[in-house]
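So the sequence shown is numbered by our numbering: it starts at 7 and just counts up by one.
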Amino acid sequence: MTQNKHVLSWIDEMAALTQPDKIVWIDGTEEQAEALRAEACSTGEMIKLNQEKLPGCYLHRTAVNDVARVEGRTFICTSKKEDAGNINNWMDPQECYEKLSKLYRGSMKGRTMYVIPYSMGIVGSDFAKYGIELTDSIYVVLNMLIMTRVGLNVLEALGDDAGFIKGLHAKADLDEENRYICHFPEDNTIWSVNSGYGGNVLLGKKCFALRIASFLGRLEGWMAEHMLILGVEYPNGEVKYISAAFPSACGKTNLAMLIPPEIYQKQGYKVWCVGDDIAWLRIGKDGRLWAVNPENGFFGVAPGTNEKSNPNALHTTMKDTIFTNVVHNTADNTVWWEGLDNNPPQPGNAIDWKGNPWDCTKYDKKDKSTCGAHPNSRFTAKAINCPCLSSEFDSLAGVPISAIVFGGRRAKTAPLVYQSTGWQNGTFVGSIMASETTAAAAGAVGVVRRDPMAMRPFVGYNMGDYFKHWLDMGKKIPNAPQIFHVNWFRTDDDGNFIWPGFGDNMRVLLWILARCEGKVDAVKTAIGYVPKAEDINIEGLDDVTIDTIRELVSVDTESWKADIDNIKEFYNLVGDRVPAELWEELAGLEERLG
Ligand code: OXD
Ligand code: MN
7 MTQNKHVLSW
17 IDEMAALTQP
27 DKIVWIDGTE
37 EQAEALRAEA
47 CSTGEMIKLN
57 QEKLPGCYLH
67 RTAVNDVARV
77 EGRTFICTSK
87 KEDAGNINNW
97 MDPQECYEKL
107 SKLYRGSMKG
117 RTMYVIPYSM
127 GIVGSDFAKY
137 GIELTDSIYV
147 VLNMLIMTRV
157 GLNVLEALGD
167 DAGFIKGLHA
177 KADLDEENRY
187 ICHFPEDNTI
197 WSVNSGYGGN
207 VLLGKKCFAL
217 RIASFLGRLE
227 GWMAEHMLIL
237 GVEYPNGEVK
247 YISAAFPSAC
257 GKTNLAMLIP
267 PEIYQKQGYK
277 VWCVGDDIAW
287 LRIGKDGRLW
297 AVNPENGFFG
307 VAPGTNEKSN
317 PNALHTTMKD
327 TIFTNVVHNT
337 ADNTVWWEGL
347 DNNPPQPGNA
357 IDWKGNPWDC
367 TKYDKKDKST
377 CGAHPNSRFT
387 AKAINCPCLS
397 SEFDSLAGVP
407 ISAIVFGGRR
417 AKTAPLVYQS
427 TGWQNGTFVG
437 SIMASETTAA
447 AAGAVGVVRR
457 DPMAMRPFVG
467 YNMGDYFKHW
477 LDMGKKIPNA
487 PQIFHVNWFR
497 TDDDGNFIWP
507 GFGDNMRVLL
517 WILARCEGKV
527 DAVKTAIGYV
537 PKAEDINIEG
547 LDDVTIDTIR
557 ELVSVDTESW
567 KADIDNIKEF
577 YNLVGDRVPA
587 ELWEELAGLE
597 ERLG
């Protein structure tokens, strides 16, 4: 398959450790993928769904103890602890290799080791980075075939180079006590063991395209961010691009695939999706910041996805999709999840995510254990099947970014939208990003979790150095994007959301883009620029008046003041590498708040 000595000797070493019965190279062909699907169905690892209704679609269930990313068991193994920083778990690389080697030893006996050569980004482009994942899971192979660009052309493009990311994944016993997701950024290596859940085992995604890539980006002068990328097309055909970072489960996929309200559709506005989760950003020759989505598919949360919230995502999942941990409707061999529609499969025809008969009549919104689909159940779907996929999805150069948008879930503090006063202030805005926990999650409601740039679980090095890298990048981008913050989740005194959200977020995106072009005024406040209420278009909105907008864009000085201590506490936790510029920004904010 390849003569690359670095590749071959590494595979030999890993095979000697894990001792598979055989080694199979994944070549990216449909014939091989089809044979693997058949094999997975014959062993029960996957279920082939109704091929008339859902062509090319399959269902998989993970182990009950293995349903989400495990931040507590995710480690950054740099030789110096300070280089991983206080926000990451750290283990000494040597200690970690030794510890995990014991878990890997002989773990593939009686199993096959699959060798997956893959590219993040388009093979041969300036953005592309190559990886090889070794895994004993067909499910992983089939997901990687959707999420990344897999094929022998990756090996050709790599040539004799040693510069590939070495990923080793073994399911082992799926023992949660011995589950580890470890990153060795200094060695371009990722080791994952005892899990079969997407975010822990599809090593191209969070592990490579965010944690390792963020480390490489800092060394090489680019950025790997937890951001969607979308294009807004104007009636004259011009398209402007926005990238946006929100914490996990705050609606990135919905925003990326937004359908504009009717009044905009009639005028000819459209929104195109370039990516829903990860952006790699580089400074272009023209001095602007250019972005690609390094992935090739969507690994989206199923519950809540429906014809209203995200019709584009729903259509994307109608073919060639792997569903994980959703309800199996055995009446017609299809799938269902909470929030899809009001027709759950009836008792006798429904199998829940654990593989047990499910009775929808016992469903209680407040009790997660009564759900048919796991709240973190997923679809793995091909980008190419997305009806609103941007024509620039495959562009070698990426797309030029006009605006970077940060966002969180804040009941009171953050207004609907505000604009930072420049790159340094915008970096500060990103660094203090936060979300409040909702009643949907276990634990206290309204607890603020700081999640800088939505990267808290994904920065592969010291968070203070990451902030510094943001500031340094700003100095190098002659024509930098404007930086904004949005909050779709402001609530009234009864706890109801004030802003309708979803497609109507288009109204805010248009204000953001108008600001980028200097086409609209704004009001300067202590935190930055907020819209004049009349500049957010409310035509066609039933429950939103100009007074509602006034309320939404008002700055609640008291709740900001109350937030300052929490920000200081967080900066202190990040530690002494927080750049002085950000402390100055914080002092400035405190002063302006009075
Ligand atoms: C994801 C996440 O799965 O952010 O995208 O957790
Ligand atoms: Mn994500």
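In this text, a Cβ means the ideal position worked out from N, Cα and C, and glycines have one as well.
Just grab the DSSP bridge partners of residue i for me.
i       : result
Trp-359 : Trp-359 pairs with nothing; no bridge assigned.
Ala-249 : Here residue 249 is Ser; the residue named in the question, Ala, does not match the sequence. Looking at the DSSP assignment, Ser-249 forms a beta bridge with Ile-235 and Ile-410.
Gly-173 : Glu-139 and Ile-196
Tyr-424 : His-491
Ile-29  : Met-119
Val-454 : Glu-442
Ala-255 : DSSP, once it has assigned bridges, lists no residue as partnering Ala-255.
Lys-530 : Tyr-535
Ala-387 : Phe-304
Thr-497 : Phe-503
How long is the line joining the alpha carbons of residue i and residue j, rounded to whole angstroms?
i       : j       : result
Leu-234 : Gly-306 : 12 Å
Pro-484 : Glu-226 : 18 Å
Val-73  : Ala-319 : 21 Å
Glu-101 : Lys-108 : 11 Å
Leu-222 : Glu-313 : 39 Å
Leu-60  : Ala-387 : 12 Å
Arg-294 : Ala-486 : 6 Å
Tyr-424 : Ser-560 : 10 Å
Asp-179 : Asn-200 : 6 Å
Asp-562 : Pro-421 : 8 Å
Pro-463 : Thr-340 : 34 Å
Glu-597 : Glu-590 : 10 Å
Gly-243 : Val-298 : 21 Å
Gly-274 : Gly-257 : 25 Å
Ile-407 : Lys-246 : 7 Å
Gly-480 : Asp-553 : 37 Å
Leu-216 : Asp-365 : 39 Å
Leu-140 : Gly-210 : 12 Å
Tyr-472 : Val-465 : 7 Å
Met-601 : His-232 : Residue coverage of the chain in this structure runs from 7 to 600, which leaves residue 601 outside it and unanswerable.
Trp-228 : Gln-9   : 31 Å
Cys-47  : Asp-326 : 15 Å
Cys-279 : Asp-27  : 42 Å
Where does residue i fall in DSSP's three states?
i       : result
Cys-188 : strand
Gly-432 : helix
His-380 : coil
Arg-111 : coil
Tyr-535 : strand
Phe-464 : coil
Glu-344 : coil
Gly-524 : coil
Trp-686 : Not covered by the structure: residue 686. The range shown for the chain is 7 to 600.
Ser-48  : helix
Leu-395 : strand
Glu-40  : helix
Leu-516 : helix
Ile-53  : strand
Ser-401 : coil
Leu-65  : strand
Asn-339 : coil
Arg-556 : helix
Asn-206 : helix
Ile-570 : helix
Asn-485 : strand
Ala-230 : strand
Trp-364 : coil
Glu-244 : coil
Lys-59  : coil
Ala-22  : helix
Tyr-369 : coil
Arg-583 : coil
Lys-211 : helix
Ala-219 : helix
Quiz item: Among all residues, which have a Cβ less than 6 Å from at least one non-hydrogen atom of the ligand MN, and in what chain order do they fall?
Solution: Going by the Cβ distance cut-off, the answer is His-232, Ser-254 and Asp-283.
Exercise. Could you name each continuous alpha helix (DSSP H) segment of 4 residues or more that falls completely within the segment 260-334, going from the start of the chain to the end?
Key: 268-273 and 317-322
Exercise. Could you tell me which uninterrupted alpha helix (DSSP H) segments, each at least 4 residues in length, are contained entirely in the segment 71-106, listed from first to last along the chain?
Key: Fully contained in the segment 71-106 are the following alpha helix (DSSP H) runs of length 4 or more, in chain order: 87-90.
Quiz prompt | Residue ranges of each beta strand (DSSP E) within the segment 111-167, 3 or longer | solution = As far as the segment 111-167 is concerned, its whole beta strand (DSSP E) runs of at least 3 residues are 118-126 and 135-141.
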